[in-house]
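Residue 15 is where the sequence shown starts when you use this note's numbering, and the numbers rise one by one after that. Glycine residues also receive a C-beta, built at the ideal position from the N, C-alpha and C atoms. For clarity, every value in this text was computed on a predicted model and none was experimentally measured.
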Amino acid sequence: MPKKRVTILISGRGSNMVALIEAARDRDFPAEIALVVSNEPTAQGLERARDAGIATAVVDHRAFGKDRRAFEHALQAAIGPHRVDLVCLAGFMRLLTPWFIGQWEAKLINIHPALLPSFKGLDTHARAIAAGAKQHGATVHFVVPEMDSGPIIVQEAVPVLPDDTEAALAARVLAVEHRIYPLALRLIAEGRVRIENNRCLVDGIPAPLAGFGDR
Ligand code: GRF
Numbered sequence: 015m016p017k018k019r020v021t022i023l024i025s026g027r028g029s030n031m032v033a034l035i036e037a038a039r040d041r042d043f044p045a046e047i048a049l050v051v052s053n054e055p056t057a058q059g060l061e062r063a064r065d066a067g068i069a070t071a072v073v074d075h076r077a078f079g080k081d082r083r084a085f086e087h088a089l090q091a092a093i094g095p096h097r098v099d100l101v102c103l104a105g106f107m108r109l110l111t112p113w114f115i116g117q118w119e120a121k122l123i124n125i126h127p128a129l130l131p132s133f134k135g136l137d138t139h140a141r142a143i144a145a146g147a148k149q150h151g152a153t154v155h156f157v158v159p160e161m162d163s164g165p166i167i168v169q170e171a172v173p174v175l176p177d178d179t180e181a182a183l184a185a186r187v188l189a190v191e192h193r194i195y196p197l198a199l200r201l202i203a204e205g206r207v208r209i210e211n212n213r214c215l216v217d218g219i220p221a222p223l224a225g226f227g228d229r
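The structure is reproduced here in structure tokens:
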């Protein structure tokens, strides 16, 4: 089966992007990274993508002012020539409109640093600690117009330790992110994920929570 072609959208350091690029180096990985696009011209991830020999593009949202639709048309135009099958958001800090999301229905995925549906939005680690949560984690999900919603593909938990700082918890979650994002991309690219009633089935069954809860 031909490999699925993937665009990764970033805004910053791009560590999840690197995890996807590294996974895709494996001959047997069912997807290849065709393009990395950043809305931030100075994103560190751009340099890391170039170092890895991946094509990059910048679509600076500032050039479009408040016109999100024009920004997204430019984004779509940058992606178009690369014949892309799937789009991965990896620390992409712009909200996308239903128009763009509709162009990529069931082909657009995101990683969020929390166990959704808990802690949507920003500052998830500080909020998990402040809430006294005992477990936290990361989620890869399909993107739908409502922010940080959408069918959950893979989720892995980490413990929140009594003396955790935001940085310590973030590092523990990030290690999980770098594992589950390539896993989720692999499952989708292999055609093993189906959406039924807004829930994902993997190989026909709801996949369990992975992580420390299993150990
Ligand atoms: C990650 O924690 C990701 O889950 C969130 O933004 C962060 C991006 O980090 N959406 P990086 O750019 O992948 O290093």
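Closer than 8 Å to chain C by CB, His-126: Reference to chain C is not applicable here, since this structure consists of a single protein chain.
Taking the C-alpha atoms as reference points, what is the distance between Gly-151 and Gly-26? 20 Å
Can you tell me whether DSSP reads Pro-12 as helix, strand or coil? The first residue shown for the chain is 15 and the last is 229, placing residue 12 beyond what the model contains.
Assess, as a yes-or-no matter, whether the segment 44-52 is touched by the segment 121-129 under the definition of 3 or more beta carbon pairs within less than 8 Å. Contact between the segment 121-129 and the segment 44-52 is absent, because fewer than three Cβ pairs lie under 8 Å.
Return yes when the C-beta of Ser-52 is under 7 Å from any heavy atom of ligand 1, and no when it is not. Ser-52 Cβ: outside cutoff for every heavy atom of ligand 1.
With DSSP as the reference, label Glu-204 as helix, strand or coil. coil
Length of the line joining the Cα atoms of Leu-201 and Glu-180: So the alpha carbons of these two residues sit roughly 31 Å apart.
Just checking, does the segment 127-142 make contact with the segment 158-171 on the three C-beta pairs under 8 Å criterion? Three or more Cβ pairs drawn from the segment 127-142 and the segment 158-171 lie within less than 8 Å of each other, which places the two stretches in contact.
Nearest-angstrom Cα separation, counted from Ala-33 out to Arg-193: Rounded to whole angstroms, Arg-193 and Ala-33 show a C-alpha spacing of 8 Å.
Once you ignore the five residues that flank His-139 on each side, which residues in its own chain have a CB closer than 6 Å to its CB? Glu-180, Leu-183 and Ala-184
Going along the chain, which residues of its own chain have a beta-carbon closer than 7 Å to the beta-carbon of Glu-191, five neighbours each way excluded? Asn-30, Ile-125, Pro-127 and Ala-152
Does the beta carbon of Ala-181 fall short of 7 Å from some heavy atom of ligand 1? Ala-181 Cβ: outside cutoff for every heavy atom of ligand 1.
Buried versus exposed, by CB contacts within 10 Å (16 or more), Trp-113: exposed
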